[in-house]
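Report on the following structure.
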Amino acid sequence: MNLAFRLRQALLIARLEVRRAFFSKRGFWVYGLALFPMLIFLGHGLEVKWKREAWSKSAASRAQLDTIAEGQTLDEIERRLGRPIRRHHWEDGEREHDSWLYSDGTRQVRLRFTNRVLTGIQSRQIANFDEDRTVLATVFQYFYLRLAIFFGCLGIFMNLFRGEMLDKTLHYWLLAPARRETVMIGKYLAGVAASMVIFGLGTAACFFAVMWYQNPVEVDAYWGGAGPAHLFWYIAAAALACIGYGSVFLAAGLLVRNPIIPAVVLLLWESINGFLPAMLQRLSVLHYVQSLCPVPAVPIDDDIPAVAKLLLAPAESASASFALAGVAGVTLLVLYAAARAIRRTEIDYGTE
Amino acid sequence: MMRDPEVVFDGVSKFYGEVLGVNRVSLNVPPGITALVGPNGSGKTTLMNLMAGLIFPERGTVSVRGISPRDPEKLMRVLGYATQYDAAPRGVTGFDFVLTGLLLYGHTRAEAERLAWRAIERVNLREAAGRKVAAYSKGMRQRIRLAQAMAHDPEVVVLDEPLNGLDPLVRAETISLFREWAAEERHVILSSHVLQEVDVISDQVILISNGMIVAEGEIRNVRSEISEHPSQFLVRCRDASRVAAMLFGEPHVTEVRLQDDGAGLLVSTRSRDEFAQALGRIAVQSHEIEGVIPADENVDSLYGYLIGSGGRS
Chain A
6 MNLAFRLRQA
16 LLIARLEVRR
26 AFFSKRGFWV
36 YGLALFPMLI
46 FLGHGLEVKW
56 KREAWSKSAA
66 SRAQLDTIAE
76 GQTLDEIERR
86 LGRPIRRHHW
96 EDGEREHDSW
106 LYSDGTRQVR
116 LRFTNRVLTG
126 IQSRQIANFD
136 EDRTVLATVF
146 QYFYLRLAIF
156 FGCLGIFMNL
166 FRGEMLDKTL
176 HYWLLAPARR
186 ETVMIGKYLA
196 GVAASMVIFG
206 LGTAACFFAV
216 MWYQNPVEVD
226 AYWGGAGPAH
236 LFWYIAAAAL
246 ACIGYGSVFL
256 AAGLLVRNPI
266 IPAVVLLLWE
276 SINGFLPAML
286 QRLSVLHYVQ
296 SLCPVPAVPI
306 DDDIPAVAKL
316 LLAPAESASA
326 SFALAGVAGV
336 TLLVLYAAAR
346 AIRRTEIDYG
356 TE
Chain B
9 MMRDPEVVFD
19 GVSKFYGEVL
29 GVNRVSLNVP
39 PGITALVGPN
49 GSGKTTLMNL
59 MAGLIFPERG
69 TVSVRGISPR
79 DPEKLMRVLG
89 YATQYDAAPR
99 GVTGFDFVLT
109 GLLLYGHTRA
119 EAERLAWRAI
129 ERVNLREAAG
139 RKVAAYSKGM
149 RQRIRLAQAM
159 AHDPEVVVLD
169 EPLNGLDPLV
179 RAETISLFRE
189 WAAEERHVIL
199 SSHVLQEVDV
209 ISDQVILISN
219 GMIVAEGEIR
229 NVRSEISEHP
239 SQFLVRCRDA
249 SRVAAMLFGE
259 PHVTEVRLQD
269 DGAGLLVSTR
279 SRDEFAQALG
289 RIAVQSHEIE
299 GVIPADENVD
309 SLYGYLIGSG
319 GRS
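Going line by line, the protein sequences match chains A and B.
Here the first sequence stands for residues 6 to 357, numbered as in this note's numbering.
Here the second sequence stands for residues 9 to 321, numbered as in this note's numbering.
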């Protein structure tokens, strides 16, 4: 039995297990996590499309909107721009307030009146590509990497061994004519394949969900420039997170019975990573994968609670090559611990 | 190098936390059919799991034909284990279940398919092989587990309650298969709670209770070592009441019971040799003895003597 034979065994095990990793009844919620941000962006896109469609019928021209200035009266503006898309009136003691919404098809302009005189103009794009890309980067770093992939990997990789113990089927693999490490690697590869496909596609779906409602000219320019590289690095970061977190939860599935405990400990460790000494920061998956994200997230505001700030603080970023090597190092270290654990694993369904 | 042909337990103890699995078990199991007999929770499955490397001993060592159960890569080439649990991954067919295991041995697909069909045919499941294991009846699942355990032609077959749920025809065929293997100097180590069945198929028996080996060896030898219980013989003769009276005068005879048909006696004796001599004397006196058969050289009796009927499962 040489290395090539063991590798063939591991790939065979992976091929057999990948179906279970994709379609485990216990893991269907993982798809929800993977697709949730895409659904949010799709919803936002639908809203943008609807606004463009609905508001285009009563749109004012850009030139007309540009002539509006503070101090003009409500009647004067209505004469010039016509009826607003939406209007809202309320009174505050002796003062009357009005809020009117106009659009030129690309911008939404909100006019604020006090006692029927224009006192404020708030203008923003119906869809702002730059802003939406930053939102995508923020959602990806703070939600997708830290929570969706984290808990998704917990669902997929903990299930590889603990799930089989609960189903009383693990002995099938431990009775295979293969080293236990080979079985473990086969199962890990199955988990990695499943999680990379689920979260890689989820990432790509988010990316395209942000694109589809944007101005085509801006989208074409993006694809001609940084777009492909951004997509690649988002998917690479998601894939590396699957590799790193996968190894951790695979090991956790072999070492502990309750998945909540390692999940909480690891989540805290990853969250406070930015505050750890540089040496300890390197023992983190997030530290490396966040460094690969191509677009910076929205900086954390000063006014958010201290605890939230602590949990969201990003670690010092690493170079791409260092990040790749770092994830590989952390993964190998954890897989080594998992290999030691599986050699001691015993079948004891009675206590499950 | 020649491998040790036996399955050896050397001072093996296994605990599940504070619960005893087996304690200081030392056994040398030779090839042939060996039955593990004992009440529920006595340690039968623990012994089987130790052999297969599904659990490891706290103390002592286990060796299966010279191979450590800690080396599954080598062990599983010589050992097949049909556990009491279903092991088929969800959604697989019976054929794929057997085939998958064979592919892990490194067989080509064609060879693996040939071996899978051979094993499936041996357990009479050819027609159902394409159906999903999840849709199988209890008996069919038992058979597919058997097929999977023996498909790679192992030297040692370990079977946890292998005859459960089998219909009489398949049961007879399976027992015949076990005998074929035993004749080929393979180990067939099985557990069963159907003592009459164990009696019929086993060459050796291992009686286990509370994690301790109570007795082991050929059933006859085990019986002869139990001195505190008189041996029982069924004597068939024409003049049963006269023979009974004569036997009752023998000091080694502790009990004589007339059979209902009046043509037989159940005799309990403390000395098998003296009983044989007494029967000889009776026969010489023109009392026709048609036959003498041991009445308690079976697992059922051994179980009762050594473990007690209360523990029977």
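Glycine included, each C-beta is placed from N, C-alpha and C at the ideal position.
Checking contacts by CB at 8 Å: is residue i closer than that to chain A?
{"i": "residue 55 of chain B", "result": "no"}
{"i": "residue 219 of chain B", "result": "no"}
{"i": "residue 65 of chain B", "result": "no"}
{"i": "residue 112 of chain B", "result": "yes"}
{"i": "residue 60 of chain B", "result": "yes"}
{"i": "residue 319 of chain B", "result": "The predicted position of residue 319 of chain B is uncertain, since its pLDDT is 45 and thus under 50; a value taken from the coordinates is nonetheless stated next. Output row for residue 319 of chain B: interface = no."}
{"i": "residue 89 of chain B", "result": "yes"}
So for residue i, helix, strand or coil by DSSP?
{"i": "residue 265 of chain B", "result": "strand"}
{"i": "residue 298 of chain A", "result": "coil"}
{"i": "residue 176 of chain B", "result": "helix"}
{"i": "residue 100 of chain B", "result": "coil"}
{"i": "residue 77 of chain A", "result": "coil"}
{"i": "residue 279 of chain B", "result": "coil"}
{"i": "residue 356 of chain A", "result": "Here the model assigns residue 356 of chain A a pLDDT of 49, short of 50, so the residue's position is not dependable, and the following value carries that caveat. Correct three-state label for residue 356 of chain A: helix."}
{"i": "residue 315 of chain B", "result": "coil"}
{"i": "residue 133 of chain A", "result": "coil"}
{"i": "residue 219 of chain B", "result": "coil"}
{"i": "residue 321 of chain B", "result": "Note that residue 321 of chain B scores 43 on pLDDT, short of 50, meaning its location in the model is unreliable; the coordinates nonetheless yield the value given after this. The answer is coil: DSSP assigns residue 321 of chain B none of H, G, I, E or B."}
{"i": "residue 149 of chain A", "result": "helix"}
{"i": "residue 11 of chain A", "result": "helix"}
{"i": "residue 83 of chain A", "result": "helix"}
{"i": "residue 218 of chain A", "result": "coil"}
Out of the options, which one is the CA nearest neighbour of residue i?
{"i": "residue 250 of chain B", "options": "B:261, B:266 and B:259", "result": "B:266"}
{"i": "residue 28 of chain A", "options": "B:97, B:276 and B:26", "result": "B:97"}
{"i": "residue 26 of chain A", "options": "A:285, A:199, A:266 and A:126", "result": "A:199"}
{"i": "residue 70 of chain B", "options": "B:116, B:12, B:114 and B:88", "result": "B:12"}
{"i": "residue 163 of chain B", "options": "B:169, B:83, B:274 and B:224", "result": "B:83"}
{"i": "residue 164 of chain A", "options": "A:124, A:23, A:348 and A:236", "result": "A:23"}
{"i": "residue 73 of chain B", "options": "B:157, B:168, B:59 and B:300", "result": "B:59"}
{"i": "residue 87 of chain A", "options": "A:75, A:70 and A:122", "result": "A:70"}
Would you mind telling me which residues of chain A sit closer than 8 Å to residue i, beta carbon to beta carbon, in chain order?
{"i": "residue 257 of chain B", "result": "The contacting residues do not exist; residue 257 of chain B stays about 56 Å from chain A at best."}
From residue i to residue j, what distance separates their C-alpha atoms?
{"i": "residue 179 of chain B", "j": "residue 41 of chain B", "result": "15 Å"}
{"i": "residue 79 of chain A", "j": "residue 94 of chain A", "result": "12 Å"}
{"i": "residue 179 of chain A", "j": "residue 253 of chain A", "result": "21 Å"}
{"i": "residue 264 of chain B", "j": "residue 25 of chain B", "result": "50 Å"}
{"i": "residue 176 of chain A", "j": "residue 144 of chain A", "result": "41 Å"}
{"i": "residue 112 of chain B", "j": "residue 232 of chain A", "result": "44 Å"}
{"i": "residue 174 of chain A", "j": "residue 158 of chain A", "result": "21 Å"}
{"i": "residue 41 of chain A", "j": "residue 268 of chain A", "result": "20 Å"}
{"i": "residue 272 of chain B", "j": "residue 278 of chain B", "result": "20 Å"}
{"i": "residue 339 of chain A", "j": "residue 352 of chain A", "result": "22 Å"}
{"i": "residue 195 of chain B", "j": "residue 310 of chain B", "result": "22 Å"}
{"i": "residue 152 of chain B", "j": "residue 335 of chain A", "result": "42 Å"}
{"i": "residue 119 of chain B", "j": "residue 139 of chain B", "result": "21 Å"}
{"i": "residue 103 of chain B", "j": "residue 244 of chain B", "result": "52 Å"}
{"i": "residue 39 of chain B", "j": "residue 189 of chain B", "result": "9 Å"}
{"i": "residue 47 of chain A", "j": "residue 141 of chain A", "result": "12 Å"}
{"i": "residue 195 of chain A", "j": "residue 11 of chain A", "result": "15 Å"}
{"i": "residue 328 of chain A", "j": "residue 137 of chain A", "result": "26 Å"}
For residue i, return the contacting residues in chain B, with the cut-off set at a CB-CB distance below 7 Å.
{"i": "residue 173 of chain A", "result": "93"}
{"i": "residue 345 of chain A", "result": "Chain B residues near residue 345 of chain A: none, gap ~13 Å exceeds 7 Å."}
{"i": "residue 219 of chain A", "result": "Here the premise fails: no neighbours, minimum Cβ distance about 42 Å."}
{"i": "residue 14 of chain A", "result": "112"}
Would you please verify whether the beta carbon of residue i is less than 8 Å from any beta carbon of chain B?
{"i": "residue 351 of chain A", "result": "yes"}
{"i": "residue 93 of chain A", "result": "no"}
{"i": "residue 17 of chain A", "result": "yes"}
{"i": "residue 177 of chain A", "result": "yes"}
Could you list which residues in chain A have their beta carbon closer than 7 Å to that of residue i, in chain order?
{"i": "residue 108 of chain B", "result": "21"}
{"i": "residue 81 of chain B", "result": "6, 182, 183 and 184"}
{"i": "residue 84 of chain B", "result": "180, 181 and 182"}
Cβ closer than 9 Å: which chain B residues qualify as neighbours of residue i?
{"i": "residue 10 of chain A", "result": "114"}
Interface residues of chain A around residue i at Cβ under 9 Å?
{"i": "residue 126 of chain B", "result": "Per Cβ cutoff of 9 Å: no residues; residue 126 of chain B is ~18 Å from chain A at best."}
Just to make sure I have the definition right: I need the residues of chain B whose C-beta is within less than 8 Å of the C-beta of residue i. Which are they?
{"i": "residue 25 of chain A", "result": "97 and 98"}
Under 7 Å: does the beta carbon of residue i sit that close to some heavy atom of the ligand FAD?
{"i": "residue 122 of chain B", "result": "With respect to small molecules bound, the structure shown includes none, and the ligand FAD cannot be examined in it."}
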